[in-house]
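A.B. asks: Numbering (the numbering used here), first residue to last: 3 to 116.
All C-beta atoms, glycine included, are put in the ideal place defined by N, C-alpha and C.
Remember, predicted model here, so these are calculated numbers, not experimental data.
My questions will all concern the structure given below.
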Amino acid sequence: VQLQASGGGLVQPGGSLRLSCLASGSIVSVNRMGWYRQAPGKQHELVALITSGGNTNYADSMKGRFTISRDNAKNTVYLQMNSLKVEDTAVYFCNYRDVSGGYWGKGTLVTVSS
């Protein structure tokens with residue numbers, strides 16, 4: 003499985019960005035996709051997950067600001083990020099997992115700065 007993330011960039015505090023991640027290759031119908039991030043000098047952390055059935059899970063600090071969604075027909079997962087804060091600056095990584103294992107995409111950098 004290959005993952006291609008896009009949508010990162012520079013945004014001012016309070017702004018919004020939408021990340022996308024396209025999965026290709028041996029995709030199975032039952033899977034879970036999501037986003038993790040790693041900020042400078044910090045550990046890798048969960049952002050949000052969504053199953054192929056639409057069940058979602060968010061890190062507490064992202065609830066209410068970030069929304070994860072997916073289009074199963076397009077094998078694409080999205081992360082809508084609103085009310086961005088300087089501390090949201092990080093490399094965001096897309097993840098795909100099914101019964102065969104987990105896969106990671108190359109990260110996309112999100113920089114929140116005035």
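#1: Count the other CB atoms within 10 Å of the CB of V30; is the residue buried (16 or more) or exposed (fewer)?
#2: Can you give the Cα-Cα distance for Q14 and L21, rounded to whole angstroms?
#3: For V88, which three-state DSSP category applies?
#4: Please specify which runs of the alpha helix (DSSP H), each continuous and at least 4 residues long, are wholly inside the region 44–84, giving them in chain order.
#5: Which word fits D90, buried or exposed, when buried means at least 16 other C-beta atoms lie within 10 angstroms of its C-beta?
#6: Among V101, G11, W37, C23, which one has its Cα closest to the Cα of T73?
#7: Sorted by chain position, which residues of the same chain lie with C-beta nearer than 6 Å to L12's C-beta, five sequence neighbours on each side aside?
#8: Which same chain residues, not among the five before or five after N33, have their C-beta less than 7 Å away from its C-beta?
#9: Considering only the beta carbon of each residue, do V3 and Y94 sit closer than 7 Å?
#10: Let me make sure I understand the geometry here. Which of G17, S26, G16, S18 has the alpha-carbon closest to that of V79?
C.D. replies: The answer reads as follows:
#1: Counted from its first residue, the sequence shown places residue 30 at position 28. V30 should be labelled exposed.
#2: Taking the first residue of the sequence shown as 1, we reach residue 14 at position 12. Taking the first residue of the sequence shown as 1, we reach residue 21 at position 19. Taking the straight line from one Cα to the other gives about 16 Å.
#3: Position 86 of the sequence shown, counting from 1, holds the residue named residue 88. Here V88 sits in helix by DSSP.
#4: none
#5: Within the sequence shown, residue 90 is the residue found at index 88, counting from 1. Burial call: buried.
#6: Here the question's residue 73 lines up with position 71 in the sequence shown. One detail in the question is off: residue 73 reads as Asp in this sequence, not Thr. The candidate whose alpha carbon is nearest that of D73 is C23.
#7: Taking the sequence shown and counting its residues from 1, the one referred to as residue 12 is at position 10. Excluding positions up to five away in sequence, the list reads T113.
#8: Looking up residue 33 in the sequence shown gives position 31. Within the same chain, N33 has close Cβ partners S54, Y98, R99, D100.
#9: Numbered from 1 along the sequence shown, position 1 holds the residue referred to as residue 3. Numbered from 1 along the sequence shown, position 92 holds the residue referred to as residue 94. No, these two residues do not count as a Cβ contact at 7 Å.
#10: Locating residue 79 in the sequence shown gives position 77, where the first residue counts as 1. Nearest option by C-alpha distance: S26.
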